[in-house]
Amino acid sequence: MDYPLLGGKVEIVPFNQWQQAHLYVLANTNDVQPYINEHFKYLKELHPIKSKREKWLHDKHSKMLIGWLRLKIEQQLNSSSHGISESLRWIAQGPRLEVIKYSEYVVNDCRF
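Following our numbering, the numbering of the sequence shown begins with 175 at its first residue and continues without gaps.
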């Protein structure tokens, strides 16, 4: 059994690490894939010339996806027949910025 030792300490995750973790989860969640495709299409239509450069497109996608997805899901939730799952609703909101950090932890009877 895995468990923390001693009391945990609440810490704020730096925004860039929070964003990176959230993008990783979004990119690896099947329910989000249609929205990722839609976001790329949206960026290409909004910026037809710039979006021809792959690096620009991927950088812009990474910077804008989280906010765009949150707004998109919120708009769909306001419609009467949204079909948004609870997990997609929460994933779109992202993780909390506050985490509990433990100085010691036991995993498979090994103390870390």
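Cβ atoms here follow ideal geometry from the backbone N, Cα and C, with glycine treated the same way.
In chain order, TYR209, ALA266 place their CB closer than 6 Å to the CB of LEU243, counting only its own chain and leaving out the 5 sequence neighbours on each side.
Burial of ILE247 is indicated by the presence of at least 16 other C-beta atoms within 10 angstroms of its C-beta. Here GLU185 really is in contact with VAL273; their C-beta atoms are around 6 Å apart, less than 8 Å.
Minimum Cα-Cα distance from LEU239 among the listed residues LEU180, SER254, GLN207, LYS226 corresponds to GLN207.
With respect to LEU179, GLU260 sits apart: the two C-beta atoms are not nearer than 8 Å. In this structure, LYS234 sits near LEU217, with a CB-CB distance shorter than 8 Å.
When the five nearest sequence neighbours on each side are left out, the beta carbons in the same chain lying within less than 7 Å of the beta carbon of HIS196 are those of ILE240, GLY268, PRO269, in order along the chain. Put simply, the backbone Cα of ASN204 is about 27 Å away from that of PRO222. One thing to note: VAL187 has its Cβ within 8 Å of the Cβ of LEU271.
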